[in-house]
Structures are given as C-alpha cells and as structure tokens.
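By this note's numbering, the letter at position 139 of the sequence shown is numbered 159, and the numbering carries on one by one without gaps.
From the three backbone atoms N, C-alpha and C, an ideal C-beta is built for every residue, glycine too.
These figures come from a predicted structure and were not determined experimentally.
Report on the structure given below.
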Amino acid sequence: QHSADTKLNARRKQTFCELCGQRNELAEYFYKLDNNMLELEDEIESHNEQNPDNQKKLQLSHRYCSYHKPKHKNGCTWNSAYKSALHSKDQFENEFQRLQLHIVRVEELKVISRDELVDLYFYHFLQDKCVTQEQSDAFFHYVRDNFNYPIVLKEETERLIHEAAVRLTGAGTTLGADDIGKLRDIARHMVDSRLTDSKKRMLVLKKQGFNQRQIADKLTEIEGRTISSQAVSKALKSVDSDFNI
21 QHSADTKLNA RRKQTFCELC GQRNELAEYF YKLDNNMLEL EDEIESHNEQ NPDNQKKLQL
81 SHRYCSYHKP KHKNGCTWNS AYKSALHSKD QFENEFQRLQ LHIVRVEELK VISRDELVDL
141 YFYHFLQDKC VTQEQSDAFF HYVRDNFNYP IVLKEETERL IHEAAVRLTG AGTTLGADDI
201 GKLRDIARHM VDSRLTDSKK RMLVLKKQGF NQRQIADKLT EIEGRTISSQ AVSKALKSVD
261 SDFNI
C-alpha cells in the first residue's frame, strides 16, 4: 500500500521506457515499492528531515527510464543518451516491430521486410532463442504421458514438470512473443550497435557460404551502390557478437 503522502499519478501509463525495454521511472518506482526494494524514498525523506528549508521532491518520468531521461538529476544538463536514442527512435520502433512479427511461430520463414535477406537474418537470429512448436509438442506429450489428470501442481509433481519445461523448451531462458521488454532491449541494442540492414544482408550471405568478394558483388547489385570487399570485411568485423548468426 502506498503512503498517503506519496503524490504520484498512478493512472498514467506504467509501461516501458519509450526508447528501450526497461521500465519507465514511474513503473520502476511502483515495482520496487511493491517488492520492498525501494531506497530512493528513504533517501529523500532523510534529506528533507535534515534540510527543512531545502525540500526535495520525487520527480519520476512516466515516459522514460532513468538512463534515457531527457535531463540529468541536476535538472539542468541534457542527457546525451536521451538525445541519441530519440534521434534513432523510428529505427528502434521498426526493429522492435520486426522482432515481434518474426518471433510468432519462429520456425516459419516470414515475408515481412520486403527484403528476403533481411527476413532471413531475423529468422536465423531467433532460431536458438525461442521455443519452437516441436519443443512445445515435446513438453505437451511428456506431461500427457507421465501424469494423471487433473494435475495438481505441488511438491514433487511441480518440480518434475518445471524441470521438464526447462529441459524440453528452455523455459525461463528463451524468448517469447510476450517478452516485450526483452524484445525492446534487443531492438535498442541493434540500433545502438549500428546493425544496419546492409550488415544483416552481409551476415546472411556469409552464413550461406559466400566469400567477401561475392558478398560485395551481390550487395552492389542489391543496394545500387558500389561496395568493396574491404568494406564488407570492415562491416562484418564491426558487428557485435550478440548479433552473429
């Protein structure tokens, strides 16, 4: 229960930061408050008790996380992380939408980007990160064949089913369509690490066995600009290891 003197508008949207997958400051505040993890309020109350003539107010953003808040804590200087992320917001939203669409029935190759190589990139990137239909079926058959219905999830039964879920589907470690925060964080990381569509095409062609000269020739044709094998080499070396396929 929130204290009466905690003046916050709880009706504001309490979701994710507009620029990444972290909770916005207001949502994070309520999360920590509800889980007895809050320290900020105590610090402010202590300061106000010691400095009655210099009271601090709790100012939380319902749009951004603490990292992407427009201004620093002093309220005077602009946050460069905010400026950079805001500049690339459209690209971030585009990558997030692609991830959302490709993660549904991840084992199926989809036509979403109107670019075969870009769609192939997302297909390969997500394959080892999501529960496939085959894995879901394996878990279903395990439960059906080993337990009598109705199943009461407690003690040894609960332990066995949980272990099977982790073993057969990677539950807790894999991505799903409802992992909005994680998908948004991946999208933000893609943009911040400058994983362009051109680099995605290069990674797919490399996976298909093409050498750098062949990749350069194909991309020159696809993108309508001259791309050298040296440029391909430099671009591939710059790709964050998290995004290799």
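ask   = Tell me the DSSP bridge mates of Phe36?
value = Against the sequence shown, residue 36 aligns to sequence position 16. Partner(s): Arg43.
task = Could you name the residues of the same chain whose beta carbon sits closer than 6 Å to that of Gln102, not counting the 5 residues immediately before and after it, in chain order?
result = By 1-based counting over the sequence shown, the position of residue 102 is 82. The amino acid at residue 102 is misidentified as Gln; the sequence shows Tyr. Cβ neighbours of Tyr102 beyond the five flanking positions: His88 and Pro90.
Ser100 to His92 span [Cα, whole Å] = Along the sequence shown, one-based indexing puts residue 100 at 80. Along the sequence shown, one-based indexing puts residue 92 at 72. The alpha-carbon atoms of Ser100 and His92 are separated by roughly 9 Å.
ask   = Do the CB positions of Arg274 and Cys40 come within less than 8 Å of each other?
value = The requested residue 274 is not part of the displayed model; the chain covers only 21 to 265.
task = Specify the secondary structure class of Lys149 as computed by DSSP and reduced to three states.
result = Along the sequence shown, read from residue 1 onward, the residue named residue 149 stands at position 129. Coil.
ask   = Are Ile132 and His122 closer than 8 Å when you measure CB to CB?
value = Position 112 of the sequence shown, counting from 1, holds the residue named residue 132. Position 102 of the sequence shown, counting from 1, holds the residue named residue 122. Against a cut-off of 8 Å, the Cβ pair of His122 and Ile132 comes out as a contact.
query = In the DSSP assignment, what are the bridge partners of Leu195?
reply = The residue you call residue 195 lines up with position 175 of the sequence shown. Under DSSP, Leu195 forms a beta bridge with Cys150.
request  = Could you work out which residue in Ser86, Lys238, Pro170 and Asp54 is closest to Ser218 when comparing CA atoms only?
outcome  = In the sequence shown, the residue the question calls residue 218 occupies position 198. Ranking Ser86, Lys238, Pro170 and Asp54 by Cα distance to Ser218 puts Lys238 first.
ask   = Taking the C-alpha atoms as reference points, what is the distance between Val252 and Gln232?
value = For the purposes of this step, residue 252 is identified with residue 232 of the sequence shown, where counting begins at 1. For the purposes of this step, residue 232 is identified with residue 212 of the sequence shown, where counting begins at 1. Straight-line Cα distance between these residues: approximately 6 Å.
inquiry  = Does Lys52 come out as helix, strand or coil in the three-state DSSP assignment?
reply    = Working through the sequence shown from its first residue, we reach residue 52 at position 32. Lys52: helix per DSSP, three-state reduction.
task = List the whole-angstrom C-beta distance separating Gln42 from Cys85, where the pair is believed to meet the contact cut-off of C-beta under 8 Å.
result = As a first step, residue 42 must be located in the sequence shown, where it is residue number 22. As a first step, residue 85 must be located in the sequence shown, where it is residue number 65. Correct: roughly 4 Å between the Cβ atoms.
key: Nearest-angstrom Cα separation, counted from Thr35 out to Ala47   = Within the sequence shown, residue 47 is the residue found at index 27, counting from 1. Within the sequence shown, residue 35 is the residue found at index 15, counting from 1. When rounded, the distance between both Cα atoms is 6 Å.
query = Got a sec? Which residues, its chain only, sit under 8 Å from Gln21 by beta carbon, not counting five neighbours each side?
reply = On the sequence shown, residue 21 is found 1 positions in, with the first residue counted as 1. The pLDDT assigned to Gln21 is 43, lower than 50, so where the model puts this residue is not dependable, and the model offers no usable value.
query = In three-state DSSP terms, what is Lys238?
reply = Indexing the sequence shown from 1 puts residue 238 at position 218. Lys238 falls in the helix class under three-state DSSP.
query = Do Ala207 and Glu115 have their C-beta atoms within less than 8 Å of each other?
reply = As a first step, residue 207 must be located in the sequence shown, where it is residue number 187. As a first step, residue 115 must be located in the sequence shown, where it is residue number 95. Yes, they are a contact pair.
task = Give the straight-line distance between the Cα atoms of Tyr49 and Gly95, rounded to the nearest whole angstrom.
result = Translated into the one-based positions of the sequence shown, residue 49 becomes position 29. Translated into the one-based positions of the sequence shown, residue 95 becomes position 75. Using only the alpha carbons, I get a separation of about 19 Å.
task = Using three-state DSSP, classify Lys91 as helix, strand or coil.
result = The residue labelled residue 91 in the question sits at position 71 within the sequence shown. DSSP places Lys91 in strand when its eight states are reduced to three.
key: Rounded Cβ spacing between Val211 and Gln117 (contact assumed at less than 8 Å)   = One-based indexing of the sequence shown puts residue 211 at position 191. One-based indexing of the sequence shown puts residue 117 at position 97. Rounded, the Cβ-Cβ distance is 13 Å, inconsistent with contact.
message = What residue range does the alpha helix (DSSP H) around Ile123 cover?
response = Numbered from 1 along the sequence shown, position 103 holds the residue referred to as residue 123. Its alpha helix (DSSP H) spans residues Lys109 to Ile123.
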